[in-house]
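**Student:** Before we start, here is the structure in question, set down as C-alpha cells.
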Amino acid sequence: MDERKQELLRGLPKIDEMLSMIEREQRCMDVMRDIVKDACRVVVDEIRGDILAEDGVSHLPTLEQAVERAVGIVENYRVYRLRRVINATGVILHTNLGRAPLCKEAIERVTAVAGCYSNLEYDLDKGRRGLRYDSVKKLLCAISGAEEAVVVNNNAAAVMLVLNTLAQRKEVIVSRGELIEIGGEFRIPEVMEKSGAVLKEVGTTNRTRLADYEKAIGPETGLILKVHTSNFRIVGFTESSDRGTLVELGKRHHLPVVEDLGSGCFIELDRYNLEREPTVRDSLQAGVDVVTFSGDKLLGGPQAGIILGKRELLEKIAKNPLNRALRIDKMTLAALEGTLVNYLHPEKAVEGIPVLRALTEPVALVRKRAVRLANMLKRDFGRKADIFLVDGFSMAGGGSLPDRGIQTVLVGITSASVSAAELERRLRRREPAVIVRVAEERILMDLRTLRDDDLPELKRAIGEVLD
Ligand SMILES: *Cc1c(COP(=O)(O)O)cnc(C)c1O
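Position 160 of the sequence shown, counting from 1, maps to 175 under my numbering, and the rest follow consecutively.
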C-alpha cells in the first residue's frame, strides 16, 4: 500500500471522538447509544473503503462531516419505509403497490380491535375458549354456499396446506396448460413439491382432454387439481376439461377435485361489461370439493388465503399442524370480516369495495374526473406544460381478467423543460409518491385508479415537479 493511503488511514475519524461530538451537541438523544455507535462505525468503514479503493479518495472528510453522516443514518431509521402511494398507473390490483386498498368497514374493524383485547379465541356466550375463525367462517359460508371455511396467510399457503393435507406422497393430476407461474415466486410445480405431493402432468400446453386425466389416474392418485390460469391465456387450438367434467371424473374414482381460483371473485363481472371471471359460487356449485383463492385480489380485502369446500375435507385441512403455522392474525381477521360484510349484498360490495368500484366504474364517470383534473392543472400550469386527455385501457392486475383492458381516460402531460422520465422520477420520489405511466415522451395518469380526493394532492405534486 502506498504511503499516502497509509497516512490517510491513520487520520480516520475515531468512533469515540464522533460519539462524544454527537453527545456534546445533544444529537440523537432519543436513540440508544449502541445504535448511534454502530452508525459511526458504518461511516468509518465507508471512509476506509473509499481510501482503499483502486482510485481511492485523496483526502479525508472532517470529523464534523463524518458525524453528519452518522447522524443521517440514525435519523433515517425514523423515516417510515412503508407509506402511502398514489396509484396513477391504472393497474387496479398492483402487487408492488399493495394490491387491494381496504374498504371503509375493514379499516373500521381493524381500528376497533387493534389497540385493545378482543375475543379472538374466546366465546363470549359460553365464557370459554372459542375458535379464531368463527367470525369469518359464517360469513364466508353464507356468501359462497360452502359447507366449511379455513383461512390462512395467502393463497400460496392455502394451496400448500390443501395439497399437504390431501395428497402428501400421493400424485396430484394437473393439466400441463395450468402449470403456471405467478409473479416469480409462486410456481405451481414448486409449491407442490414443497407440499410433499407428487406432480403428475397430463396433456399438452394447449390441449388436455378428459381422457388424459383418466389415463393418469392410478392407485397413487391423491387428487385432481384445476388451476385458474390467472395471468395469461392460451388462445387458438385449445381444449381443456371444464370443472363439471372433472367433478364427474373425481366422483367416479372417489378422488377430491381441488380448484385454485387465484382471484376469489364473488361478483358476476359480465354484468358490468367485463369478462366473466369464474366466481367462487360457480366453482362450488359445479361440485368442486375444495377451492382456494386470495383475500387481496378481486375480493378486495386483506392479504389472506381462503379455503372453502366440503366439511369432511375442510376438517382434515383445519387439523393439519401446518395450519397453525400459517394462521392469520387479529388485524387480518378484522379486515376480512369488514370486507366480507359488504358481500351480503353484491351491489353494496361493488359500491363499497375500492377495487370493485374501480373495476366497474362507467368510463363516463372516469372521463368526468379526468376533465376535472385536466382543468385544474391547465388553470395553474397551462403555461408551463401541455396537458391533455388520452383514451386508453386500465388493467385489472393481480392475475385477473388478463386479456382485456378496461376502457379508461388518462391525463397526459409533456413539458418543454423537463423530460417525461424526469417528471416520473420526481413524482415517484416526492411525498406522497405518485406512480404514473410513461409513454411516448409523456407522463400519463389513469383516472380509473384515482379518486376524487386524490386530485388536490395530484395538483400539488404536478406543481412541484414542473418547477
Ligand atoms: C395470485 C395467485 C396465487 C398466489 O396467491 P397469493 O395470495 O398471492 O399467495 C396462486 N394461484 C393463483 C392461480 C393465483 O392467481
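Glycine included, each C-beta is placed from N, C-alpha and C at the ideal position.
In terms of residue numbering, what span does the alpha helix (DSSP H) encompassing THR236 cover?
**Tutor:** Reading the sequence shown from its first residue, position 221 is the one you call residue 236. Per DSSP, THR236 belongs to no alpha helix (DSSP H); it is in the beta strand (DSSP E), 236-242.
**Student:** Please confirm whether any heavy atom of ligand 1 lies closer than 7 angstroms to the CB of PHE396.
**Tutor:** The residue you call residue 396 lines up with position 381 of the sequence shown. Because no heavy atom of ligand 1 lies under 7 angstroms away, the Cβ of PHE396 does not count as near it: no.
**Student:** Once the 5 residues before and after GLY412 are set aside, which same chain residues still bring their CB inside 6 angstroms of it?
**Tutor:** In the sequence shown, residue 412 corresponds to position 397, counting from 1. Excluding sequence neighbours, GLY412 sits near VAL106, ILE107, LEU108 and HIS109.
**Student:** Going by DSSP, what residue range makes up the beta strand (DSSP E) through THR423?
**Tutor:** One-based indexing of the sequence shown puts residue 423 at position 408. 421-430 is the span of the beta strand (DSSP E), which, as asked, contains THR423.
**Student:** Just verifying my parser: in three-state terms, what is the DSSP assignment at SER190?
**Tutor:** Numbered from its first residue, the sequence shown carries residue 190 at position 175. Reduced to three states, the DSSP call for SER190 is strand.
**Student:** Based on Cα-Cα distance, which residue from ALA164, GLU123, ASP138 and GLU446 lies nearest to LYS331?
**Tutor:** Within the sequence shown, numbered from 1, the residue matching residue 331 stands at position 316. Answer by Cα proximity: ALA164.
**Student:** So is the beta-carbon of ALA171 under 7 angstroms away from any non-hydrogen atom of ligand 1?
**Tutor:** Translated into positions along the sequence shown, residue 171 becomes position 156. Within the cutoff, so yes.
**Student:** Thinking just about the alpha-carbon of each residue, which of ILE322, LEU329, LEU27 and GLU229 is nearest to the one in LEU264?
**Tutor:** Along the sequence shown, one-based indexing puts residue 264 at 249. Comparing Cα-Cα distances from LEU264 to each of ILE322, LEU329, LEU27 and GLU229, the minimum goes to GLU229.
**Student:** What's the gap between the Cα of VAL295 and the Cα of GLY302?
**Tutor:** Start at 1 with the first residue of the sequence shown, and residue 295 comes out as number 280. Start at 1 with the first residue of the sequence shown, and residue 302 comes out as number 287. Cα-Cα distance, rounded: 11 angstroms.
**Student:** Using only alpha-carbon positions, find the residue among LEU261, ILE428 and ILE62 that is nearest to GLU456.
**Tutor:** Position 441 of the sequence shown, counted from the first residue, corresponds to residue 456. For the residues LEU261, ILE428 and ILE62, the minimum Cα distance to GLU456 belongs to ILE428.
**Student:** Relative to ligand 1, is the shortest distance from any of its heavy atoms to the C-beta of LYS241 smaller than 7 angstroms?
**Tutor:** Within the sequence shown, numbered from 1, the residue matching residue 241 stands at position 226. No, Cβ of LYS241 sits at least 7 angstroms from all heavy atoms of ligand 1.
**Student:** So for ALA448, helix, strand or coil by DSSP?
**Tutor:** On the sequence shown, residue 448 is found 433 positions in, with the first residue counted as 1. ALA448 falls in the strand class under three-state DSSP.
**Student:** By DSSP, does PHE281 sit in helix, in strand, or in coil?
**Tutor:** Taking the first residue of the sequence shown as 1, we reach residue 281 at position 266. Correct three-state label for PHE281: coil.
**Student:** Name the residue from VAL213, VAL167, ARG441 and ILE158 whose alpha carbon lies nearest to the alpha carbon of LEU181.
**Tutor:** Your numbering for residue 181 matches position 166 in the sequence shown. Closest by alpha carbon: VAL213.
**Student:** Can ASP275 be considered in contact with ligand 1, in the sense that its beta carbon sits closer than 7 angstroms to one or more heavy atoms?
**Tutor:** The residue labelled residue 275 in the question sits at position 260 within the sequence shown. Yes, Cβ of ASP275 sits closer than 7 angstroms to a heavy atom of ligand 1.
**Student:** So, with DSSP's three-state summary, where would you put TYR358?
**Tutor:** For this step, residue 358 is matched to residue 343 along the sequence shown. Reduced to three states, the DSSP call for TYR358 is coil.
**Student:** Rounded to whole angstroms, how far is the Cβ of PRO471 from the Cβ of PRO116, which I believe are closer than 8 angstroms?
**Tutor:** As a working note, residue 471 is residue 456 in the sequence shown. As a working note, residue 116 is residue 101 in the sequence shown. Actually they do not touch by this definition, with Cβ atoms about 18 angstroms apart.
**Student:** Tell me the residue span of the beta strand (DSSP E) that contains GLY324.
**Tutor:** Looking up residue 324 in the sequence shown gives position 309. 320-324 is the extent of the beta strand (DSSP E) around GLY324.
**Student:** Given a cut-off of 8 angstroms on the beta-carbon distance, is the pair LEU155 and LEU355 in contact?
**Tutor:** Residue numbering aside, residue 155 sits at position 140 when the sequence shown is read from its first letter. Residue numbering aside, residue 355 sits at position 340 when the sequence shown is read from its first letter. For LEU155 and LEU355, yes; Cβs fall inside 8 angstroms.
**Student:** Where does the unbroken alpha helix (DSSP H) through LYS312 begin, and where does it stop?
**Tutor:** For the purposes of this step, residue 312 is taken as residue 297 along the sequence shown, with counting starting at 1. Premise fails: LYS312 is in no alpha helix (DSSP H) and is neither H nor E.
**Student:** Skipping 5 residues on each side, what residues in its chain have a beta carbon closer than 6 angstroms to that of LEU314?
**Tutor:** For the purposes of this step, residue 314 is taken as the residue at position 299 of the sequence shown. Hits under 6 angstroms: GLY279.
**Student:** Cutting at 7 angstroms between CB atoms, please list the residues of its own chain near ASN169, excluding the five before and the five after it.
**Tutor:** Taking the sequence shown and counting its residues from 1, the one referred to as residue 169 is at position 154. Answer for ASN169: SER309, GLN318, ALA319 and GLY320, listed in chain order.
**Student:** May I ask you to report which of helix, strand or coil DSSP gives GLU205?
**Tutor:** Within the sequence shown, residue 205 is the residue found at index 190, counting from 1. Correct three-state label for GLU205: helix.
**Student:** If the criterion is Cβ atoms closer than 8 angstroms, does the pair PHE396 and LEU481 meet it?
**Tutor:** Stepping through the sequence shown from its first residue, residue 396 is reached at position 381. Stepping through the sequence shown from its first residue, residue 481 is reached at position 466. Yes. Within cutoff.
**Student:** Looking only at DSSP bridge pairs, what is PHE408 linked to?
**Tutor:** By one-based count along the sequence shown, residue 408 stands at place 393. The partner list for PHE408 (beta bridge, DSSP) reads GLN422.
**Student:** In its own chain, which residues sit with a C-beta less than 6 angstroms from the C-beta of GLU352, not counting the 5 before and 5 after it?
**Tutor:** As a working mapping, residue 352 is identified with position 337 in the sequence shown. For GLU352, where only same-chain residues beyond five positions count, the Cβ hits under 6 angstroms are ARG124, SER150 and VAL151.
**Student:** Could you tell me if the beta carbon of PHE201 falls within a distance shorter than 7 angstroms of some heavy atom in ligand 1?
**Tutor:** Indexing the sequence shown from 1 puts residue 201 at position 186. Yes - ligand 1 has a heavy atom lying nearer than 7 angstroms to the Cβ of PHE201.
**Student:** How is the alpha helix (DSSP H) around SER121 delimited, first residue to last?
**Tutor:** To locate residue 121, count along the sequence shown from 1; it is residue 106. With the sequence shown as reference, residue 121 is identified as Ala, and Ser is not the correct amino acid for it. Element bounds for ALA121: 119-129.
**Student:** What residue range does the alpha helix (DSSP H) around ALA379 cover?
**Tutor:** One-based indexing of the sequence shown puts residue 379 at position 364. It spans 378-396 - the alpha helix (DSSP H) in which ALA379 sits, taken as one unbroken run.
**Student:** Can you tell me which of GLY211, LEU473 and GLU32 puts its alpha carbon nearest to the alpha carbon of LEU459?
**Tutor:** On the sequence shown, position 444 is the one that residue 459 refers to. Ranking the options by Cα distance to LEU459, first place goes to LEU473.
**Student:** Measuring straight from C-alpha to C-alpha, what distance separates VAL378 and ARG387?
**Tutor:** One-based indexing of the sequence shown puts residue 378 at position 363. One-based indexing of the sequence shown puts residue 387 at position 372. Those two C-alpha atoms are separated by around 14 angstroms.
**Student:** For VAL453 and ARG394, what's the separation of their Cα atoms in angstroms?
**Tutor:** By one-based count along the sequence shown, residue 453 stands at place 438. By one-based count along the sequence shown, residue 394 stands at place 379. So the alpha carbons of these two residues sit roughly 23 angstroms apart.
**Student:** If we count Cβ pairs, one from each stretch, closer than 8 angstroms, do we get three or more for the stretch 93-101 versus the stretch 422-441?
**Tutor:** In short, these stretches do not touch, since the Cβ pair count stays below three.
**Student:** Among VAL89, GLU479 and ARG19, which one has its Cα closest to the Cα of LEU75?
**Tutor:** Along the sequence shown, one-based indexing puts residue 75 at 60. For LEU75, the nearest C-alpha among the options comes from ARG19.
**Student:** At a threshold of 7 angstroms, does SER210 count as lining ligand 1 (C-beta to nearest heavy atom)?
**Tutor:** Sequence index remark: in the sequence shown, residue 210 carries index 195 (1-based). No - ligand 1 has no heavy atom lying nearer than 7 angstroms to the Cβ of SER210.
**Student:** In three-state terms, what does DSSP make of VAL177?
**Tutor:** By one-based count along the sequence shown, residue 177 stands at place 162. Of the three classes helix, strand and coil, the one that applies to VAL177 here is helix, per DSSP.
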